[in-house]
Amino acid sequence: MTDFKSLRAELLSEIEAVKDLDGLERLRVASLGKKGKITEGMKALGKLDPEERRAQGAALNALKEEATQAIAARTRFFKDLALNARLLEERFDMTLPSRPEREGRIHPISQTMDELLQIFGAMGFAVAEGPDVEDDFHNFAALNIPPEHPARQMHDTFYFPPDAKGERKVLRTHTSPVQIRTMQTTKPPIRIIAPGRTYRRDSDITHTPMFHQIEGLLIDRKTHMGHLKGCLIDFCRAFFELDDVPLRFRPSFFPFTEPSAEVDIGCERRKGEIRVGGGADWLEILGCGMVHPKVLANCGIDPDIYQGFAFGLGVERVAMLKYGIPDLRTFFEADLRWMHHYGFLPLDVPRSAQGGAL
Ligand code: PHE
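So in our numbering, the last one in the sequence shown is 357, and the numbering has no gaps at all.
In C-alpha cells form, the structure reads like this:
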C-alpha cells in the first residue's frame, strides 16, 4: 500500500511556504489539477484490487479534502493581505469638502417646496395629493364652476380629446381639485396642504405653461377670515424670514370661495433683481377665501355646521421673491449655469426650515 504520509507532509508544508496567490495557484494545479499528484493517485486506484482500492481511496480523498481546505485558507489569507494593503494605500479623509465644480445643485423649486412643507407642517397641516390629469368635475364643477361659467375663461385650460362618453379630461389648472378629493374622503376637521404641478396655456415673464402651486384647506366648526389672515401672515413671516412683511389682502373673486381675496407682497424690482420688502411694486402670490357653502355641500359637508378657508399659493412666485430670481421662465430652461447660480447645495438648510422660526 502506498503511503500518503510523505505526500501529505510535502504538500502541506509547500502550501504553508508559498509566497503569493500565483504560487498557490501553481501548487493547486500540481496537486489537484488534471495532472496533479493527487489526481494521478486517484487514477491509479483502478489498477488495485478492491480491498486495497477502498483503503487507499479513502486516504486519498481525505488528503484531497485537507489540501483543498488548506489552499482555500491560504487564498483567504493572501486576499485579506492584499485588501488591507489597498485600504491603507487608498485611505482618504471624508471630512474634506468636495470639489465645488463637481457638485450638483438642488433646483430652487424643490428647495422652496421643502421649505413650504416644513412651515405648514409645523402649523399642523398634513400633505394631500391628487392627479395631474383631472376630470371636469374635480377641476371645475365641484368647485362651483359649472359649464359655460365665465370663470372657466380665467383658466386657459389644456384639454384632452374627448373619451368614448364625450368627456374631456384636463391638465389641472390649479391644485384646488385636491380640496374636493380631500373633502369627499375625509370627515372634518380637515387641515391639509396639497403641493403639485398645475398647467395653463400661458407664457410670459410671470407665467409658464407648467408651474407649481400649494393648496391649503382648513375646515372646522368655527373658522373665520381672521384665521385665514393670521395663518397667511404667519406663513409669510416664517418663509421670508422677516418680522414685518408688506402684505396686501385685495378683495377678489373665485367661484369656490366667498368672500375671496388675493394677496400681494410688497417688493422692489431693481436692475433685473426682485426683492421682498420696501419698494413700490406689488407681486401677487396667492388667492384665498372662505370655502363657498356650495362647495362644502358638493362634497357632502354640512355648511350649517362647518366653515373653512382655502388658499392657493404660486410656488415659483414666492421662490422668485425670496431668492431674487427675476424671470419665471428661467426655472424651466434647464440651464446649468442658472442652476449653479440659483440652485442650492444639498446641505443648505434655510433658517425658516430649521424649526423654531414659528
Ligand atoms: N385655485 C385658485 C387659482 O389657482 C387659487 C385659490 C385657491 C383661490 C384656493 C382661493 C382658494 O387661481
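Quick reminder that beta carbons are idealized off the backbone N, C-alpha and C, glycines included. Remember, predicted model here, so these are calculated numbers, not experimental data.
Give me the Cα-Cα distance between residue i and residue j, rounded to the nearest whole angstrom.
i: PRO325; j: ASP263; result: 17 Å
i: PRO187; j: SER251; result: 27 Å
i: GLY35; j: GLY22; result: 15 Å
i: GLY56; j: ASP79; result: 35 Å
i: ILE179; j: THR256; result: 13 Å
i: HIS148; j: PRO160; result: 21 Å
i: PHE3; j: ILE37; result: 10 Å
i: ASP135; j: LEU142; result: 10 Å
i: GLY355; j: ILE118; result: Bear in mind that a pLDDT of 45 at GLY355, under 50, signals an unreliable position, so the model cannot answer this.
i: THR181; j: LEU295; result: 11 Å
i: THR185; j: ILE218; result: 10 Å
i: ARG75; j: ALA125; result: 54 Å
i: LEU357; j: ASN83; result: Because LEU357 sits at a pLDDT of 45, beneath the cut-off of 50, its placement in the model cannot be relied upon, and the point is left open.
i: GLU50; j: GLU64; result: 22 Å
i: PHE210; j: ASP203; result: 12 Å
i: ALA8; j: GLU24; result: 18 Å
i: GLU363; j: LYS46; result: With the chain running from 0 to 357 in the structure shown, residue 363 is simply not present.
i: GLY271; j: MET93; result: 40 Å
i: ALA58; j: GLY32; result: 18 Å
i: SER97; j: ASP347; result: 14 Å
i: ASP328; j: GLY277; result: The sequence shown places Arg at residue 328, rather than the Asp named in the question. The alpha-carbon atoms of ARG328 and GLY277 are separated by roughly 25 Å.
Between residue i and residue j, how many whole angstroms is the CB-CB distance? I'm expecting something under 8 Å.
i: ILE108; j: ALA318; result: 6 Å
i: ALA260; j: CYS287; result: 6 Å
i: LEU20; j: PHE77; result: 5 Å
i: TYR341; j: TYR322; result: 6 Å
i: ARG200; j: PHE239; result: Actually they do not touch by this definition, with Cβ atoms about 31 Å apart.
i: HIS154; j: THR172; result: 4 Å
For the ligand PHE, I want to know if residue i counts as a neighbour, meaning its beta carbon is within less than 8 Å of at least one of the ligand's heavy atoms.
i: GLN306; result: no
i: GLN110; result: no
i: HIS173; result: yes
i: GLU128; result: no
i: GLU257; result: no
i: THR197; result: yes
i: GLN152; result: no
i: GLY311; result: yes
i: PHE253; result: yes
i: CYS287; result: yes
i: GLN117; result: no
i: GLN183; result: no
i: GLU214; result: yes
For residue i versus residue j, is the C-beta spacing smaller than 9 Å?
i: ILE213; j: GLY229; result: no
i: ILE232; j: ALA127; result: no
i: LEU10; j: LEU62; result: yes
i: THR207; j: PHE330; result: yes
i: ALA309; j: LEU216; result: yes
i: MET289; j: LEU344; result: no
i: PHE95; j: GLY40; result: Correcting the residue type first, residue 95 is Leu in the shown sequence and not Phe. Contact flag unset, no.
For residue i, which of the options has the nearest alpha-carbon?
i: PRO258; options: GLU15, GLY307 and PRO149; result: GLY307
i: LYS168; options: VAL132, ALA141, MET182 and ARG199; result: VAL132
i: HIS291; options: PRO302, THR184 and ILE273; result: PRO302
i: MET338; options: LEU115, ILE105, LEU295 and ASN138; result: ILE105
i: GLY311; options: LEU285, TYR305 and MET289; result: LEU285
i: TYR198; options: PRO130, ALA72, ASP242 and TYR305; result: PRO130
i: ARG359; options: GLU89, ILE118 and GLU15; result: Residue 359 lies beyond the stretch modelled for the chain, which goes from 0 to 357, so this question has no answer here.
i: GLU166; options: ALA140, THR184, ASP155 and ALA150; result: ALA140
i: LEU241; options: SER5, ASP162, VAL275 and LYS221; result: VAL275
i: ALA237; options: ILE204, GLU114 and ARG53; result: GLU114
i: MET112; options: CYS298, ASP334 and ARG316; result: ARG316
i: ASP280; options: GLY271, ILE273, CYS266 and LYS293; result: CYS266
i: GLY225; options: LEU282, PHE248, ALA66 and THR205; result: PHE248
i: ILE70; options: GLY120, LEU320 and LYS18; result: LYS18
i: PRO254; options: PRO145, GLU102 and GLU89; result: PRO145
i: GLN110; options: VAL314, GLU89 and ALA81; result: VAL314
i: PRO176; options: LEU44, LYS42, ASN297 and SER5; result: ASN297
Between residue i and the ligand MG, is the CB less than 8 Å from at least one heavy atom?
i: GLU166; result: Among the ligands present in this structure, namely the ligand PHE, the ligand MG is not found.
Determine, using beta carbons only, whether residue i comes closer than 9 Å to chain D.
i: LEU59; result: Going by chain labels, chain D is absent from the structure shown, which holds only one protein chain.
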